[in-house]
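Position one of the sequence shown corresponds to residue 1 (the numbering used here), numbered consecutively onward. Even glycine gets a Cβ: it sits at the ideal position worked out from N, Cα and C.
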Amino acid sequence: MFNFNKDIKNFKLEIKNIKNIKLIEKIRIKYLGKKGYIKKLLNILKNTPKNLKSKLGKKINKIKKYIIYNINLYKNKINEKKKDNKYIDLFLPGRNYIIGNKHPITLTINKIEKFFYKLGFENIIGNEIENVYYNFDSLNINKYHPSRTKKDTFWINKNNLLRTQTSCMQIRYIKKNKPPIKIITSGCVFRKDYDKTHTPMFHQLDCFLIDKNINFSNLKYIIKKFILFFFKKKINIKFLPSYFPFTEPSAEVFIKNKNNKWIEILGCGLIHPNILINNNINIKLYSGLAFGIGIERLIMLKYNISDIRILYKNNIKLLKQF
1 MFNFNKDIKN FKLEIKNIKN IKLIEKIRIK YLGKKGYIKK LLNILKNTPK NLKSKLGKKI
61 NKIKKYIIYN INLYKNKINE KKKDNKYIDL FLPGRNYIIG NKHPITLTIN KIEKFFYKLG
121 FENIIGNEIE NVYYNFDSLN INKYHPSRTK KDTFWINKNN LLRTQTSCMQ IRYIKKNKPP
181 IKIITSGCVF RKDYDKTHTP MFHQLDCFLI DKNINFSNLK YIIKKFILFF FKKKINIKFL
241 PSYFPFTEPS AEVFIKNKNN KWIEILGCGL IHPNILINNN INIKLYSGLA FGIGIERLIM
301 LKYNISDIRI LYKNNIKLLK QF
């Protein structure tokens with residue numbers, strides 16, 4: 001008969017002295033192999049009387065589990081020691097992980113927003129699908145204005161379109177809030193243009209301020225400070241009279257580029273009195289200013305990009321620079 005206690009003690013002594021995987025494998029074969037210790041016990045179990053079979057079977061199963069557990073335990077310990085002692089060559093090159101970065105348009109919008117946050121402006125997000133009233137009528141754009149034709153605007157139906165400017169959010173905000181109002185709003189706008197300086201979809205940021213005693217000097221001050229902030233250097237600036245239906249007086253802002261040429265970067269003006277009156281704002285008490293910034297135009301000027309379309313072509317050589 002087998003002496004189970006003695007056999008287990010022998011197994012413990014054998015496995016404790018093991019220092020490599022090959023020797024563990026020898027012990028596994030000795031105890032768990034086809035001709036091993038457990039197999040011999042199972043052969044004895046076949047000829048055991050029925051009244052003792054169940055008790056002996058449970059004992060053999062318990063011993064088998066104990067042996068398997070300890071073999072695996074010591075095998076793992078040896079593997080862990082191997083890992084700890086493994087030589088690491090610190091001069092080998094690391095793995096090259098390609099980590100993406102934000103698009104220059106997103107980075108530019110975030111940068112501009114930070115400037116206006118410091119001046120106390122609130123950021124408002126609007127819908128890209130707009131109706132005729134908010135996109136045209138409420139902004140003092142008459143029915144015969146060229147921008148309302150199918151040549152210039154993406155119409156969904158007679159009443160709805162893809163917004164042509166972010167200014168439409170100004171009116172939505174006025175109707176729910178009373179002066180003083182100090183907001184910016186940014187996002188995609190859509191117009192039927194496609195060349196080196198225009199794309200059917202582009203990005204705008206609108207600045208909108210209504211308060212007491214707002215005048216053109218306030219407008220010029222904010223714009224000059226913004227241009228200095230964005231380009232991080234003093235740049236020659238000029239304001240030329242222009243026409244926008246929603247501002248009066250209106251102006252276009254030009255800056256001098258590296259080639260000594262004047263480039264138009266944004267449109268601005270004092271909010272047209274009709275817009276204030278139509279929204280129940282007392283023009284004797286309040287006045288306002290507004291201007292719209294073309295995000296892609298600023299990126300092109302700052303980083304000397306000649307074709308706006310490259311910003312939408314997933315050109316990795318360009319995008320990696322930001």
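Cβ shell of Tyr66 (< 8 Å), same chain only, five flanking positions each side left out: Ile8
Residue nearest to Asn70 in terms of C-alpha spacing, selected from Lys16, Ile38, Asn259: Lys16
Candidates Lys59, Leu162, Ile223, Trp262, of which the one nearest Glu128 by Cα: The residue with the shortest Cα to Cα distance from Glu128 is Leu162.
Beta carbon of Ile283 nearer than 8 Å to that of Thr199: no
Start and end residues, beta strand (DSSP E) containing Ile277: Element bounds for Ile277: not the beta strand (DSSP E) but the alpha helix (DSSP H), 273-278.
Asn142 versus Phe246, Asn177, Tyr194, residue with shortest Cα-Cα distance: Phe246
Exposure of Met169, with buried meaning 16 or more beta-carbon neighbours within 10 Å: buried
For Glu254, the nearest candidate out of Ser306, Lys182, Ile275, Ile227 (CA to CA): The sequence shown places Phe at residue 254, not Glu. Cα-wise, what sits closest to Phe254 is Ile227.
Own chain partners of Ile109 with C-beta closer than 7 Å, once the 5 adjacent residues on each side are dropped: Ser186, His203, Leu205, Ile295
Rounded straight-line distance, which links the Cα of Leu45 to that of Leu52: Their Cα atoms are separated by approximately 9 Å.
3 or more residues per run - each beta strand (DSSP E) lying fully within the region 131-181: Counting whole runs of 3 or more residues, the region 131-181 contains the beta strand (DSSP E) stretches 160-162.
Whole-number beta carbon distance between Tyr194 and Ile124, since they are thought to touch under 8 Å: Incorrect: roughly 29 Å between the Cβ atoms, too far for contact.
For Ser54, the three-state DSSP class (helix, strand or coil): Assignment of Ser54 by DSSP, reduced to helix, strand and coil, places it in the helix class.
Spatial distance of Asn259 from Tyr243 (CA atoms): 27 Å
Cβ neighbours of Lys182 in the same chain (closer than 7 Å, five flanking residues each side left out): Gly120, Phe121, Glu122, Leu209
Per-residue DSSP class, three states only, for Glu327: Because the chain spans 1 through 322 in this model, residue 327 falls outside it and cannot be assessed.
Per-residue burial, Ile281 [other beta carbons within 10 Å of its own, 16 or more giving buried]: buried
Exposure of Pro179, with buried meaning 16 or more beta-carbon neighbours within 10 Å: Burial call: buried.
Rounded straight-line distance, which links the Cα of Ile316 to that of Asn101: 11 Å
Outcome for Leu107 when other beta-carbon atoms lying within 10 angstroms are tallied against a minimum of 16: exposed
Check whether Asn279 and Lys212 have beta carbons under 8 Å apart: Remark: C-beta atoms of Asn279 and Lys212 do not approach each other more closely than 8 Å.
8 Å contact criterion, which Gly269 and Pro249 should meet: CB distance rounded: Right, the Cβ-Cβ distance comes to about 6 Å (below 8 Å), so this counts as a contact.
Leu311 versus Met201, Tyr134, Ala251, residue with shortest Cα-Cα distance: Nearest in C-alpha terms to Leu311, of all of Met201, Tyr134, Ala251, is Met201.
Assigned secondary structure, Ile227 (DSSP; H/G/I helix, E/B strand, else coil): helix
Nonlocal neighbours in the same chain, by C-beta distance under 7 Å from Ala251, ignoring five residues either side: Phe239, Leu240, Pro241, Ser242, Cys268, Gly269
Proximity of Phe11 and Tyr31 at Cβ, strictly below 8 Å: yes
CB of Thr166 within 8 Å of CB of Val132, strictly: With respect to the 8 Å criterion, Thr166 and Val132 are not classified as neighbours on the basis of their beta carbons.
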